[in-house]
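Protein chains in written order, with my numbering: chain A, 1 to 181; chain B, 1001 to 1181.
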């Protein structure tokens, strides 16, 4: 049976976590893996209704995503989280419960690039103070110290990032090579 | 790949849900299935900290267990819940999100038998009013109308119950026959 693991994306809003997560999921399913994306909004709705965006509530939300990822991972699934997960300590806590089945991808993008792109118009609002506690603007983002992979989404194309990610997962034996199904 | 499903035990405290769930899990793992038991206490700790035992909080807790079961079931796992889950409407809500991959087992045992056995001494305390809102004593338990299986744990031996459960799951093609791995 397949060994599952958790693919944990972290990074600022708009850095490209979800895009990369979704493309990776499509490719991994094509290779015969079971894949489950823990969508941030869906998880908030199903597991964390009532929680807000204080540090404590964010940490609780991330712990819950981590718990579910771990349940899936130990049952052979590639569990994917693409939540911002701004705090290092709780990410590392989630890593610890995974017993080495954890692959953290830091999707790094300079703030000025994100502010310029601002696809959803959120940075503009955050800078104007219309959104409080916005990660990277008015709330902290703690970069990972030793992620399994760094994606420079401000510099790389999405195809390059995807190839880099899949290549690294193959090297580690976490996923099947293309066409090997 | 295996088709997963959720095995949902419901019934009063002490009726034998967890015992039967644990024995079924051992047997199903031996037959090569992936099995995950969503333990009530562990789930409360990980997904529902802060929730109490009001109807609303109980329902939220059950919905969360149901959500996680469904994620596991659609990824080939036999997800097992052995929470009391006293309210019919929320059990049926959980059933609906499962898209037919749901097998409800009503573990039925007359209250007087449970009070007499009272393995954990909880019924005595509940009847004395020392535990408030205890299902079956001071809080409602709504029996399922159409469970996939009824186990009469007041009358059957645990071996009989287990054989009945596994036999039915085999008949439906949900699980492999013994020795067929």
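In this text, a Cβ means the ideal position worked out from N, Cα and C, and glycines have one as well.
| Item | Value |
| --- | --- |
| Segment limits, alpha helix (DSSP H) that includes residue 57 of chain A | 55-73 |
| Residue-chain proximity (residue 87 of chain A, chain B), Cβ-Cβ < 7 Å | no |
| Same chain, Cβ closer than 6 Å to residue 1102 of chain B, neighbours up to 5 away in sequence not counted | 1006 and 1095 |
| Contact under 7 Å by Cβ, residue 151 of chain A with residue 137 of chain A | no |
| Where residue 61 of chain A falls, given that 16 or more other Cβ within 10 Å makes a residue buried | buried |
| Whole alpha helix (DSSP H) elements within the stretch 75-128 of chain A, 4-residue minimum | 88-97, 111-117 and 122-127 |
| Backbone secondary structure at residue 1035 of chain B - three-state DSSP | strand |
| Own chain, CB closer than 8 Å to residue 1149 of chain B, minus 5 neighbours either side, in chain order | 1103, 1104, 1105, 1106, 1164, 1165 and 1168 |
| Beta-carbon gap between residue 1037 of chain B and residue 1025 of chain B smaller than 7 Å | yes |
| Span of the beta strand (DSSP E), counted from its first residue to its last, around residue 51 of chain A | From DSSP, residue 51 of chain A is part of no beta strand (DSSP E); its letter is neither H nor E. |
| Range of the contiguous alpha helix (DSSP H) that encloses residue 166 of chain A | 158-171 |
| Collapsed DSSP secondary structure at residue 152 of chain A in the structure displayed | strand |
| Residue 1172 of chain B, buried or exposed, once every other Cβ within 10 Å from all chains shown has been counted against 16 | exposed |
| Contact with chain A by residue 1204 of chain B, beta-carbon distance below 7 Å | What is shown of chain B runs 1001 to 1181, which leaves residue 1204 of chain B out entirely. |
| Residue 75 of chain A classed as buried or exposed, judged by whether at least 16 other C-beta atoms fall within 10 angstroms | buried |
| Under 8 Å by beta carbon: chain A residues contacting residue 1067 of chain B | 46 and 47 |
| Proximal residues to residue 110 of chain A (C-beta, below 7 Å), its chain only, five neighbours per side dropped | 154 |
| Three-state secondary structure (DSSP) of residue 1200 of chain B | Summary: the structure shown does not reach residue 1200 of chain B, with chain B confined to residues 1001 through 1181, and so no result is reported for it. |
| Within 7 Å, strictly: CB atoms of residue 1020 of chain B and residue 1141 of chain B | no |
| Residue closest to residue 1112 of chain B, alpha-carbon to alpha-carbon, out of B:1008, B:1015 and B:1010 | B:1015 |
| Alpha-carbon to alpha-carbon, residue 91 of chain A and residue 67 of chain A | 11 Å |
| Assigned secondary structure, residue 1007 of chain B (DSSP; H/G/I helix, E/B strand, else coil) | strand |
| Cross-chain neighbours of residue 1077 of chain B in chain A, by beta carbon under 9 Å | 71, 72, 75, 76 and 77 |
| Which of helix, strand or coil DSSP assigns to residue 139 of chain A | strand |
| Same chain, Cβ closer than 6 Å to residue 1071 of chain B, five either side skipped, listed in chain order | none |
| Beta-carbon proximity list for residue 73 of chain A, same chain, < 7 Å, skipping 5 on both sides | 4, 5, 6, 79, 98 and 101 |
| Per-residue burial, residue 40 of chain A [other beta carbons within 10 Å of its own, 16 or more giving buried] | buried |
| Cβ-Cβ separation, residue 47 of chain A to residue 1114 of chain B (assumed contact under 8 Å), whole Å | Not confirmed; about 32 Å, so no contact. |
| Residue-level contact to chain B via CB, residue 130 of chain A, 7 Å cutoff | no |
| Nearest-angstrom beta carbon gap, residue 1081 of chain B and residue 1009 of chain B [assumed within contact, 8 Å] | 7 Å |
| Residues near residue 1170 of chain B in its chain [Cβ-Cβ closer than 6 Å; skip 5 each side] | 1177 |
| Span separating the alpha-carbon of residue 1093 of chain B from that of residue 1087 of chain B | 10 Å |
| Start-to-end residues for the alpha helix (DSSP H) that takes in residue 1030 of chain B | 1017-1030 |
| Distance CB(residue 117 of chain A)-CB(residue 77 of chain A) smaller than 7 Å | no |
| Residue 130 of chain A (DSSP reduced to helix, strand or coil) | coil |
| Closer than 7 Å to chain A by CB, residue 1058 of chain B | no |
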